[in-house]
Structures are given as C-alpha cells and as structure tokens.
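Residue numbers (our numbering), protein chains in the order written: chain P, 618 to 918; chain V, 546 to 699; chain C, 25 to 356. Notes to accompany the following structure.
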C-alpha cells in the first residue's frame, strides 16, 4: 500500500475565512491523501463553520482527497451528545471517533478510531476491529516498540494505522476552558478568546521557559512533533498513514516535504533542512517515539 | 549552650532501630532500591540531627552535631514533635508539607519510600520504643504527647 | 434513599486495616506495578500482602476492589492479565478497569466477578457508559470529576449501572485517562505506567529566605513564598506565565482538594451508589481522619440528621478545598 499522507482536523479556533482558505489550498495544492474535517475540541465553535463543510468536502474530493469527519473529543452536554448521534448517522463520509460515546451508536457500522481514543494494545485493537473499526490513529505517547506491534497486528486484522508525524501534540483534555480562565472568564462566557491564538496560547514556566500550549479545554506540547526521519522505519513496520496537524505555517510546504520523504524522492538530510528552513517558532521533539520524555529531541543514535 | 553529649544516646538509638527492624521485617521491601540510602532526620528545634540508613543488614541510626552532618541522599526537616507523630502514623506527612511544616530536600523518591515503609507499620512505634524503657519511657512519651495536644489546640 | 457504599483508599496493608476499622464499606487497592494508576514507590500490595488483607477485610465485612485501571501498552498486556488472574484467585470483590482489552479479558474469563469502570476510562455520557455495560456487563461506573450534581442525576436515570463519584481528595484538573502531561516531561506515562509526577523527578529547592521552588524534571512547576501553603509539583497545579495574563497564575487550577461534604445529601438523592475517597498515596493518619469523618456524615444523613463533618482542611492540598465541577458549571 502506498503510504498515505493525512491532514488532521484543525485543532485551533480559526475563523471561517481562514479555514476556507486553508482547505482550498490543501484541496488544490497539497500532496495529501486524506483530510479529516470537523471541530473536535469545543462544541461552542461548531456554528462558525457548520455551513461550510459541504462545500469544503466537495472541493477536497474534487482535489482527489478522501474526506473523513472527526467527532468531538469530549462529550458532556445534551447538545454534544446529539451531535455525536447525528454524525454516526452520516452515510456519505467516513467517520473518525474521538470519544467512546460514539461506540454506542456504531454497533453495525464501520469507523476510524482517532488518536484521542485510548487504543494502547493489541487486545483493545482487536476488540474494536470486531466492532467495526477499520483504521487507528495511535495515541501520540506510544513508544516505537508498541507502535510496531500495533501496526503489525492491525495488518493481520485487516485494519490500517496512522501516526502523527508533525505538529503540536495533544497532551490533555479538561472540562475547564483554560483560554477563558487566562482571560478571567468562564467557559459559558468565553467570548471566543481562543480565536486570538491561532497556534494555541503559550504557557511558560516561572523561569520564562517555554513549556506548554493551551487551546481551550485542550493542553498541547509547546514543541512541534517531527518524525520525518522515522517514517521509513514506520513504513517498514506497517504504518500506512502519516498525519500532519495543521498550524499557521505553510502547510502545503510541510505536506510537500513529508510527501517527498515518504516517496524517497529526496534524501533525509535534505527534507530535514527544508523543514528547518520553515522557521517554525518552537523546537522539534520526538521523545515519545523514542520512549523518552515527550518534549525531548533525540538526535541520531 | 554547649553541644549535648551525644555519646550517651548512641546506644539507645541503636537499640531503637534494631527493635523496629526486628519487629517489622516486612517494611524493608517498601524501600526498594533506597534501602541503603542515607537519610538525615532534622528535628529543627533540637541541637542535633539523626542519620538513618535503613539497610536491614547494616542498620544505622546515629546522632550527629549540626556541624558534623555527613553526606546524605535526602533530608527531612520539621519540629521534633511533628516528626515523632509522623513516624507514629498520627500525622499525615503530606498535610505537614502543604502547611510548610515539613521540608524535604535531596532524593524525593527515597523519602517517599521511607515514608511508605514506616506508614505500613501497625500500631505505635513510639509506644513500642517507650515500652523498651519501662515506666520512665512511657512517662516521657506521655509528656511529649500532651505537649503536642497543647500545641494543636493553641 | 439507599445507603451508599463508602469506598476508601488503601495504599498499604496497614492503611487498609485502618480503613476497615474506621468503617469503610469497601476499600480499593492495587499491586506494586504499572497495572494500577497509583504506581508510586513503596506503595501498594505484594501478592501475599493482598491475600492476607483480603481475608482481613472480608472478616470485617468490607469489600475489596482491585484497581487494574491503567492501559497496557502493546507487548506488555500479560502483566495486566496476571494481575487479574491473581486478584480473582485471592477473591477480590470487583475489578476496577479502564482498558477495553482488559475489560474484555475479565468479562470472558471471570464473568462472576463484578466489573467497575474506572474514572480512567473517562466515560462521561450515558452513551459511553451504556456501551461499556452492553459489552462487558459493567456493574458500576466511576464518573469523571467533570459533571455537576444535576448532570449526575440525569445520568443516573439513563444508565443501567451503579454510579460511584469522588467526594474527597486530590482534584486532578485533566480528564483522567486522557492526560500525558507527566510523560511529556518525565518519560513516564500516567496511562501506561500508572505514574503522575513521579517522586524520582521531583525536586524541592528552598532558598535562604524560605521560598520553596518545586520542580518536575527540568521544569519549574511552582514557587511558594515562605508564608504560602504548598502543593505537589503536579503539572496541572503549577503556576505559569502567558502574555494574556498579568503575572504568574495558576493556569489550570491552584493546589486544592475536592471536598463534597456539604453536597453529600444531594449526591445521595441524585442516585449515587458509592462515594469514593481519593488518596491511596496518603498516610494511614489521613485514611483514619477522612474515613471516620465521612462514615459519621453518611450515617447521620441516613438517620435523617445533619451531615456534620469534622474539619478536614488540614489534610487538603494547599490547605484549600473546592467543590470543583460538582457545584456549578461556572467552574468550567
């Protein structure tokens, strides 16, 4: 199977105009195979883009992309529960689920499992495959050895596996909105302050050291995950899909760099140089993959 | 005040630590890799500190002058009464820490292990020890405990 | 109103005996390895210790719930199965689980032993809980600490199993089972290793003026001036800087503990079956005070009296208490 490059759902609260522009470029210019659409962090943000999904999906399909709809990662309110139920009824597009609420509705339907679902081992994977799961984006904190086992296992089960290879890493979810809190507000009265931070709100330690990133109820890494050098290894172990998390940097350029690396048309050194040249305003990390603290960058061994 | 004559209490400390070890052989498992760590127990209101190495094969509980503290892995500081009640399972170490009445420096994991090992000892270590010294020992403990009660209610 | 079960923490055999003596209806505990979410140094039970402790608890009429509530990473699943097999052999009354694979293993191999869905499974909707009940015959769910009392009441009406909620103790800010902050900083995972802010990577640094800096790994988590109450260097309870906020602030939550003593009657009326006290990592002095206080409060409520509860503030982190998400949506 030809390795697939994918675009994760936009995690941050970008306005509709920016999202439309982003997806237009991805549809027309980016060498990616799958695009995940949908608001997965905060249900309050959904009305801003709801009416655009049809046209965006259509344009992406026209651009040769497979479109998958991703569901909310944290479901609590009646409105959110109804949203999940509605998504699970979708016929035209594949679904990626990010919370176990969806499993109740999907008894006789196939679906993809997102990275915010806890699929850590082969037993859980096998169970969900028997329940209709066809594809797994693995949790970002899994080390290489576990990913190798899961990728091999998925192959045996007839499922495919995806690993995030670029962008900030989701580290935690909460019921409380930390964007609102930083501005002295509460979630119900947030006035969408998260829109101000298009790559998330920086959180530094008391020493001024860059530490974490806040995106509403989500906490992410400050560092950008970069597994460019490890994709050959992943391909060999049977990982089929490689995920880019959208940021404000030129994602078409990022996609091109990862595409070239996946297709082996450019040397590893050259790819790395190109990615570094994008001047991403945070260090790269690959600690989780190496079984080290996630924020670390482990150079060539 | 001249430094206290520590040579007088060293044999007592040795008896105490041997007694606790003999009575509670299971506690050493909880120390994990830290059984041979050196702990300094620092009762801040007393003129000396205690050095503890909870190695069942090479036990050490030694009083040292404050100007003679040897290299150590971790140090636990607090008032003598708080430390006594902590060892005895009468006070919660975390609560003391939250209130800033307990200070921990050095290897935090070693301290956590020691705390968990001591906390798993049933009954009162202080009572067992005071029993070793007969009626005077029990009387001394009674005085200490009443002092603590007074402190608490103030 | 049914008499709720008081579920109490046991980090050591001695703490378990203390809880039984203080009136716990059930105790929960784990083995000395990554199979439970409090895999802390020097804590938890060896197999012989658990064997003895189960016997003692049962003699006192107290149930023993075994937490096997972490997520085994691929390649290490056998350790979790072994914990389950041992627990079954020792006669534990229920398993507390989070991982679908582990739940499936228990449901298939030990269908007669009760299964409780851990808070680590983060099942926050009736649909999620109904899924686990349908698939694994879950008897009780431990609800995430993110729901208000009215939301819990709605939940109780919709799900086919019992509800357990936390009433006292450490108040994690992130949804349990969905937090890899510790792994990001330390290389040890809450989900896979059962570790949160591991002691081995904690440093307390006191300066000459009495200020206490707490560090996890190489990162500063907080700094307490000499007259401030302190907290553990847990990432979600740290003080940070961000351009949008004037000066350092608790970006997630201040060091604080959950105490729902005044909400007890409401929780019981909402249909909560079991009340859980957090704190397997705490001392038996803590277990004794908290269990005794809540035992009395529950008994008073059942007898139609006011739930007078003794002051537990001294035992709380930062010496501050909150009702967290339970009281009002404004917490969010």
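All residues carry an ideal CB built from backbone N, CA and C; glycine is no exception.
Do residue j and residue i come within 8 Å of each other at the CB atom, strictly closer than that value?
i: residue 701 (chain P); j: residue 722 (chain P); result: yes
i: residue 638 (chain V); j: residue 660 (chain V); result: yes
i: residue 49 (chain C); j: residue 94 (chain C); result: no
i: residue 557 (chain V); j: residue 586 (chain V); result: no
i: residue 278 (chain C); j: residue 261 (chain C); result: yes
i: residue 304 (chain C); j: residue 34 (chain C); result: yes
i: residue 788 (chain P); j: residue 205 (chain C); result: yes
i: residue 784 (chain P); j: residue 811 (chain P); result: no
i: residue 606 (chain V); j: residue 562 (chain V); result: yes
i: residue 751 (chain P); j: residue 713 (chain P); result: no
i: residue 589 (chain V); j: residue 624 (chain V); result: yes
i: residue 829 (chain P); j: residue 842 (chain P); result: no
i: residue 108 (chain C); j: residue 51 (chain C); result: no
i: residue 730 (chain P); j: residue 148 (chain C); result: no
i: residue 334 (chain C); j: residue 195 (chain C); result: no
i: residue 102 (chain C); j: residue 744 (chain P); result: no
i: residue 670 (chain V); j: residue 632 (chain V); result: yes
i: residue 62 (chain C); j: residue 218 (chain C); result: yes
i: residue 608 (chain V); j: residue 582 (chain V); result: no
i: residue 636 (chain V); j: residue 254 (chain C); result: no
Does any residue of chain P have a CB that is nearer than 8 Å to the CB of residue i?
i: residue 213 (chain C); result: yes
i: residue 204 (chain C); result: yes
i: residue 82 (chain C); result: no
i: residue 272 (chain C); result: yes
i: residue 179 (chain C); result: no
i: residue 378 (chain C); result: This structure does not reach residue 378 (chain C), given that chain C is present from 25 up to 356, and the question cannot be answered.
i: residue 198 (chain C); result: yes
i: residue 269 (chain C); result: yes
i: residue 210 (chain C); result: yes
i: residue 323 (chain C); result: no
i: residue 266 (chain C); result: yes
i: residue 131 (chain C); result: no
Going by DSSP, name the residue or residues bridged to residue i.
i: residue 226 (chain C); result: C:240
i: residue 286 (chain C); result: DSSP output for residue 286 (chain C) lists no bridge partner at all.
i: residue 607 (chain V); result: V:596
i: residue 156 (chain C); result: None, per the DSSP bridge assignment.
i: residue 198 (chain C); result: P:791
i: residue 818 (chain P); result: P:831
i: residue 621 (chain P); result: P:858
i: residue 187 (chain C); result: C:165
Does any CB atom of chain C fall closer than 8 Å to the CB of residue i?
i: residue 870 (chain P); result: no
i: residue 666 (chain V); result: yes
i: residue 794 (chain P); result: yes
i: residue 699 (chain V); result: Bear in mind that the predicted position of residue 699 (chain V) carries a pLDDT of just 46, short of 50, making it too unreliable to give a figure here.
i: residue 661 (chain V); result: yes
i: residue 575 (chain V); result: yes
i: residue 911 (chain P); result: yes
Buried or exposed, going by whether 16 or more other CB atoms sit within 10 Å of the CB of residue i?
i: residue 915 (chain P); result: exposed
i: residue 56 (chain C); result: buried
i: residue 664 (chain V); result: buried
i: residue 699 (chain V); result: Confidence in residue 699 (chain V) is poor, its pLDDT being 46 and thus under 50, which makes the residue's placement too unreliable to answer from.
i: residue 552 (chain V); result: exposed
i: residue 115 (chain C); result: exposed
i: residue 890 (chain P); result: exposed
i: residue 292 (chain C); result: buried
i: residue 675 (chain P); result: exposed
Any C-beta of chain V sitting closer than 8 Å to the C-beta of residue i?
i: residue 37 (chain C); result: yes
i: residue 244 (chain C); result: no
i: residue 255 (chain C); result: yes
i: residue 338 (chain C); result: yes
i: residue 355 (chain C); result: no
* **Contact set between the stretch 678 to 711 of chain P and chain C, restricted to residues whose Cβ is under 9 Å from the partner** => 690, 691, 692, 693, 694, 695, 697, 698, 701 and 702
* Residues of the stretch 141 to 168 of chain C with Cβ closer than 7 Å to any Cβ of chain P, in chain order -> 147, 148, 149, 151, 152, 154 and 155
* Compile a chain-ordered list of the residues in the stretch 623 to 656 of chain V whose CB is closer than 7 Å to at least one CB of chain C. => 634, 635, 636, 637, 638, 639, 640, 642, 643, 644, 645, 648, 649, 650, 653 and 654
* Members of the stretch 577 to 595 of chain V that neighbour chain C once the beta carbon cut-off is set at 7 Å -> 577
* **Interfacial residues, the stretch 287 to 310 of chain C to chain V, with Cβ spacing under 7 Å** => 306, 307, 308, 309 and 310
* To do: Note down, in chain order, all residues in the stretch 212 to 232 of chain C with a beta-carbon under 9 Å from any beta-carbon belonging to chain V.
  => 222, 223, 224, 225, 226, 227, 228, 229 and 230
* Note down, in chain order, all residues in the stretch 82 to 98 of chain C with a beta-carbon under 8 Å from any beta-carbon belonging to chain P. => 95, 96, 97 and 98
* Asked: Between the stretch 818 to 832 of chain P and chain C, which residues of the former have a C-beta closer than 9 Å to a C-beta of the latter?
  -> 818, 819, 820, 821, 822, 823, 824, 825, 826, 828, 829 and 831
* Asked: Looking at chain P, which residues of the stretch 99 to 113 of chain C have a Cβ within less than 8 Å of any of its Cβ atoms?
  -> 99, 100 and 101
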